[in-house]
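**Q**
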Amino acid sequence: MAVPLFDTSGPLEPLREDLRAAVARVLDSERYILGPEVAAFEAEFADYCGVRNAVGVANGTEALTIALRALGVGPGDEVVVPSFTFYASAEAIPPTGATPVFCDIDPDTYCVTAETVRAALTPRTKAVIAVHLFGNVAPVAQIEALGVPVLEDAAQAAGSTSAEGRPGALGIAATFSFFPSKNLGAFGDGGMITTMDREVAERVRLLRFHGSRDKVSYEQVGYNSRLDEIQAAILRVQLPHLDEFADGRRRAGRHYQEAGLGELVKLPVPVAGASPAWHLYVIGDSQVAKAEAALRAADIGCKAYYRTPVHRQEAMRQWGEGVDLPATEYAAQTHLAIPMSPLLRREQADEVVAALRGEG
Ligand SMILES: Cc1ncc(COP(=O)(O)O)c(C=O)c1O
1 MAVPLFDTSG PLEPLREDLR AAVARVLDSE RYILGPEVAA FEAEFADYCG VRNAVGVANG
61 TEALTIALRA LGVGPGDEVV VPSFTFYASA EAIPPTGATP VFCDIDPDTY CVTAETVRAA
121 LTPRTKAVIA VHLFGNVAPV AQIEALGVPV LEDAAQAAGS TSAEGRPGAL GIAATFSFFP
181 SKNLGAFGDG GMITTMDREV AERVRLLRFH GSRDKVSYEQ VGYNSRLDEI QAAILRVQLP
241 HLDEFADGRR RAGRHYQEAG LGELVKLPVP VAGASPAWHL YVIGDSQVAK AEAALRAADI
301 GCKAYYRTPV HRQEAMRQWG EGVDLPATEY AAQTHLAIPM SPLLRREQAD EVVAALRGEG
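Position 46 (the sequence shown) corresponds to 46 in my numbering; numbering is contiguous.
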């Protein structure tokens with residue numbers, strides 16, 4: 001039995017009629033940019049996260065750049081960011097004029113910790129990007145206790161929870177991606193910035209719209225970075241089901257545990273107090289090439305997402321040279337994402353485990 005790495009269409013099957021109706025509603029409205037669907041989705045998403053403000057933008061990468069600028073990050077500043085993450089977490093920093101400073105992770109949770117962040121702090125540190133990697137929830141309060149503002153990169157963590165609240169409500173601001181394969185996925189690109197701080201939200205609103213309030217006078221050099229009405233309408237259909245999708249992802253994690261996966265490889269470890277809605281289910285194995293070959297031979301989807309950590313990517317050379325991040329290097333060499341979706345069944349988990357046991 002083939003098991004795909006993702007199943008993006010299965011969970012949406014029961015929502016197809018509602019999704020069609022939402023698209024038709026936008027078509028009939030003839031409002032395509034910054035209209036009632038975006039406004040309603042912003043309010044609903046803010047409510048879901050437990051924050052006062054949510055502002056839709058074009059994607060999760062621009063969400064980070066815009067949020068950093070709204071927090072006052074600019075030339076001469078440093079922003080601490082993990083290197084074991086999707087490239088965009090760091091790529092979003094240089095466009096603000098600030099410098100990325102790479103920090104290490106906890107090899108069990110794949111997230112930054114107060115200790116790994118502390119090692120990267122300098123008097124020029126203006127903010128920390130805490131990535132909630134793979135759906136885990138980085139310890140934001142502990143990092144903020146160091147005295148630095150935390151921007152959450154929650155692109156992979158919609159639906160996760162923590163003892164302090166949901167991603168999106170933990171730091172000074174947070175960013176989300178609605179890339180189609182994400183836990184809450186649009187039918188194209190989309191992103192969101194959430195914050196408790198009304199002034200930060202206002203600066204974000206200005207920056208996403210050319211630095212203008214009225215398209216007549218321009219206060220800032222901003223961006224054309226907006227969430228489309230059609231994507232907002234599609235996301236509004238899915239948001240009420242996000243918790244159920246998230247529960248499915250947690251259940252899939254339990255299927256793997258009950259199938260005995262932990263006897264074969266290292267399982268991902270939730271951060272203390274977190275209940276991750278696993279976006280990717282990432283195992284660790286010192287003989288990962290063998291595991292990868294066994295899964296592929298059994299027609300089971302798997303992928304190493306970050307074999308070359310961000311600080312060693314060519315484009316990051318000027319900021320990454322000489323940086324030593326042992327846990328990042330180890331995770332980069334040993335991680336492997338295996339199938340994960342809200343609908344992953346126990347038989348599929350058994351299939352994955354059998355393949356890794358060499359019985360595939
Ligand atoms: C951790 C992380 N940060 C940022 C992004 C950027 O989001 P987008 O692709 O919407 O620009 C992504 C996903 O693609 C991501 O996984």
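C-beta: ideal position from N, C-alpha, C; glycine also. As the structure is a computational prediction, the values presented were derived from the model and not from experiment.
Less than 8 angstroms separating the beta-carbons of Y48 and L239?
**A** On the sequence shown, position 48 is the one that residue 48 refers to. On the sequence shown, position 239 is the one that residue 239 refers to. Yes, these two residues count as a Cβ contact at 8 angstroms.
**Q** According to DSSP, simplified to helix, strand and coil, what is L336?
**A** Mapped onto the sequence shown, residue 336 falls at position 336. Of the three classes helix, strand and coil, the one that applies to L336 here is strand, per DSSP.
**Q** So is V23 in contact with chain D if we call contact Cβ pairs under 8 angstroms?
**A** This model lacks chain D altogether; it includes just one protein chain.
**Q** Check I105 in the structure and name its three-state DSSP category.
**A** Reading the sequence shown from its first residue, position 105 is the one you call residue 105. Coil at I105, not helix or strand.
**Q** Compute the minimum distance between the beta carbon of G273 and the heavy atoms of ligand 1, and state whether it is under 7 angstroms.
**A** What you label residue 273 is simply residue 273 of the sequence shown in a count that begins at 1. Because no heavy atom of ligand 1 lies under 7 angstroms away, the Cβ of G273 does not count as near it: no.
**Q** State yes or no: is the C-beta of S89 nearer than 7 angstroms to some heavy atom of ligand 1?
**A** Taking the sequence shown and counting its residues from 1, the one referred to as residue 89 is at position 89. Yes.
**Q** Kindly provide the ranges of any alpha helix (DSSP H) runs that are 4 or more residues long and lie completely inside the region 278-312, ordered along the chain.
**A** List check, alpha helix (DSSP H) in window: 288-297.
**Q** Measuring alpha carbon to alpha carbon, tell me which residue in H311, A233, A259 is nearest R16.
**A** Within the sequence shown, the letter at position 16 stands for residue 16. Per the Cα distances, A233.
**Q** With L64 and I129 assumed to form a contact (beta carbons below 8 angstroms), what rounded beta-carbon distance in angstroms separates them?
**A** Translated into the one-based positions of the sequence shown, residue 64 becomes position 64. Translated into the one-based positions of the sequence shown, residue 129 becomes position 129. The pair is a contact, with the Cβ atoms about 7 angstroms apart (cut-off 8 angstroms).
**Q** Does the pairing of the region 332-352 with the region 246-265 give three or more beta-carbon distances under 8 angstroms?
**A** Because the criterion of three Cβ pairs below 8 angstroms is met, the region 332-352 and the region 246-265 touch.
**Q** Rounded to whole angstroms, what's the CA-CA distance from P100 to A24? Just pull it up for me.
**A** Looking up residue 100 in the sequence shown gives position 100. Looking up residue 24 in the sequence shown gives position 24. Their Cα atoms are separated by approximately 43 angstroms.
**Q** V378 to H210, Cα distance in whole Å?
**A** Residue numbering for the chain in the displayed model covers 1 to 360; residue 378 lies beyond these limits and cannot be assessed.
**Q** Considering only C-alpha positions, which residue in the set G322, A304, E42, A2 is nearest to R312?
**A** Numbered from its first residue, the sequence shown carries residue 312 at position 312. Comparing Cα-Cα distances from R312 to each of G322, A304, E42, A2, the minimum goes to G322.
**Q** Measuring only the C-alpha atoms, how far is G262 from L336?
**A** Position 262 of the sequence shown, counted from the first residue, corresponds to residue 262. Position 336 of the sequence shown, counted from the first residue, corresponds to residue 336. So the two alpha carbons sit approximately 14 angstroms from each other.
**Q** Are the region 323-343 and the region 240-250 touching by the rule of at least three beta carbon pairs closer than 8 angstroms?
**A** A contact exists between the region 323-343 and the region 240-250.
**Q** Between G171, C103, F6, which has its C-alpha nearest T195's C-alpha?
**A** For the purposes of this step, residue 195 is taken as the residue at position 195 of the sequence shown. Residue G171 is the option with its Cα nearest to T195.
**Q** Could you give the distance in angstroms between the alpha-carbon of C302 and the alpha-carbon of T116?
**A** Within the sequence shown, the letter at position 302 stands for residue 302. Within the sequence shown, the letter at position 116 stands for residue 116. Approximately 29 angstroms between the Cα atoms of the pair.
**Q** Tell me, to the nearest whole angstrom, how far the beta carbon of E373 is from that of P309; I am working on the premise that it is less than 8 angstroms.
**A** The chain is shown only over 1 to 360; residue 373 falls outside these bounds and no answer can be derived.
**Q** Hey, quick one: how far does the alpha helix (DSSP H) through P82 stretch, first residue to last?
**A** The residue given as residue 82 occupies position 82 in the sequence shown. Run containing P82: none in the alpha helix (DSSP H); it sits in the beta strand (DSSP E), 78-82.
**Q** Going by the C-beta, is F84 closer than 7 angstroms to any heavy atom of ligand 1?
**A** Residue mapping note: residue 84 aligns to position 84 of the sequence shown, counting from 1. Flag unset: Cβ of F84 not near ligand 1.
**Q** Exposed or buried, D28, counting other C-beta atoms within 10 Å across all chains shown (16 or more means buried)?
**A** As a working note, residue 28 is residue 28 in the sequence shown. Exposed.
**Q** Since I believe I193 is in contact with A304 (beta carbons under 8 angstroms), could you give me their beta-carbon distance rounded to a whole number of angstroms?
**A** Mapped onto the sequence shown, residue 304 falls at position 304. Mapped onto the sequence shown, residue 193 falls at position 193. With 8 angstroms as the limit, A304 and I193 do not qualify as a contact, their Cβ atoms being about 30 angstroms apart.
**Q** With H, G and I counted as helix, E and B as strand and the rest as coil, what does DSSP make of I172?
**A** Along the sequence shown, one-based indexing puts residue 172 at 172. Correct three-state label for I172: coil.
**Q** Please tell me whether, using a cut-off of 7 angstroms, the distance from the CB of G191 to the nearest non-hydrogen atom of ligand 1 is below it.
**A** Taking the first residue of the sequence shown as 1, we reach residue 191 at position 191. At least one heavy atom of ligand 1 is nearer than 7 angstroms to the Cβ of G191, so yes.
**Q** Is A155 near ligand 1, with its Cβ less than 7 angstroms from a heavy atom?
**A** Taking the first residue of the sequence shown as position 1, residue 155 is located at position 155. The answer is yes for A155.
**Q** Verify whether the separation of the beta carbon atoms of I143 and A114 is less than 8 angstroms.
**A** As a working mapping, residue 143 is identified with position 143 in the sequence shown. As a working mapping, residue 114 is identified with position 114 in the sequence shown. It is a contact, given that the beta carbons lie within the stated cut-off.
**Q** Going by DSSP, which residues form a beta bridge with S341?
**A** Along the sequence shown, read from residue 1 onward, the residue named residue 341 stands at position 341. According to DSSP, S341 bridges with nothing at all.
**Q** Is G97 near G74, with beta carbons less than 8 angstroms apart?
**A** Position 97 of the sequence shown holds residue 97. Position 74 of the sequence shown holds residue 74. In this structure, G74 lies closer than 8 angstroms to G97 by Cβ.
**Q** Where do the ends of the alpha helix (DSSP H) carrying L64 lie?
**A** One-based indexing of the sequence shown puts residue 64 at position 64. Run containing L64: 60-70, per the alpha helix (DSSP H) assignment.
**Q** With a CB to CB cut of under 6 angstroms and the five nearest residues on each side skipped, what residues in its chain are close to D104?
**A** As a working note, residue 104 is residue 104 in the sequence shown. Answer for D104: T116, L325, A327, T328, listed in chain order.
**Q** Taking the beta strand (DSSP E) that G56 falls in, what are its first and last residues?
**A** By 1-based counting over the sequence shown, the position of residue 56 is 56. From DSSP, the beta strand (DSSP E) with G56 extends over 53-57.
**Q** Could you tell me which whole alpha helix (DSSP H) segments of length 4 or greater appear in the region 90-151?
**A** Taking only runs of at least 4 residues, the alpha helix (DSSP H) segments lying wholly in the region 90-151 are 114-118, 140-144.
**Q** From this set, A21, R208, S181, which residue's C-alpha is nearest S9's C-alpha?
**A** The residue you call residue 9 lines up with position 9 of the sequence shown. With distances taken between Cα atoms, S9 lies closest to S181.
**Q** Tell me which residue opens and which closes the beta strand (DSSP E) that I193 is part of.
**A** For the purposes of this step, residue 193 is identified with residue 193 of the sequence shown, where counting begins at 1. Element bounds for I193: 191-195.
**Q** Specify the secondary structure class of D214 as computed by DSSP and reduced to three states.
**A** For this step, residue 214 is matched to residue 214 along the sequence shown. Of the three classes helix, strand and coil, the one that applies to D214 here is coil, per DSSP.
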